[in-house]
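Below: the structure, in structure tokens.
Numbering (my numbering), first residue to last: 1 to 108.
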């Protein structure tokens, strides 16, 4: 399991997913979301929120229209001149792996 679990409170979850906070609280009450309680406050597992939001067509649409999904199109790189080429990214990854392997050999 991933140690870097992202958790949100109901208000944050509602804003990100474009739904009413009551919808989030109803899902909590119905045990449809994984959460913990910290100092009397719900902290909802982000992964369970994504899974829950994708199970219902209207929630999925709200995520794209009213939630964070409405900004995705703006984040895409439109000017291909400044986007990294797949070859450049691949070679950077290989260089990093070779550098790491060399360090490991030196440490042994």
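From the three backbone atoms N, C-alpha and C, an ideal C-beta is built for every residue, glycine too.
Beta-carbon separation (whole angstroms), residue i vs residue j, contact threshold 8 Å
i	j	result
residue 18	residue 66	3 Å
residue 21	residue 11	6 Å
Test item: CB-CB of residue i and residue j under 7 Å
i	j	result
residue 8	residue 36	no
residue 13	residue 49	yes
Cross-strand partners of residue i (DSSP beta bridge)
i	result
residue 57	DSSP, once it has assigned bridges, lists no residue as partnering residue 57.
residue 45	7
residue 38	41
The ligand COA heavy atom lying under 6 Å from the CB of residue i
i	result
residue 46	Summarising the ligand content, the structure contains no ligands, and the ligand COA is consequently not present.
Where residue i falls: helix, strand or coil (DSSP)
i	result
residue 33	coil
residue 19	coil
residue 87	helix
residue 51	helix
Local Cβ density within 10 Å of residue i, reported as buried at 16 or more and exposed below that
i	result
residue 24	buried
residue 29	exposed
residue 62	buried
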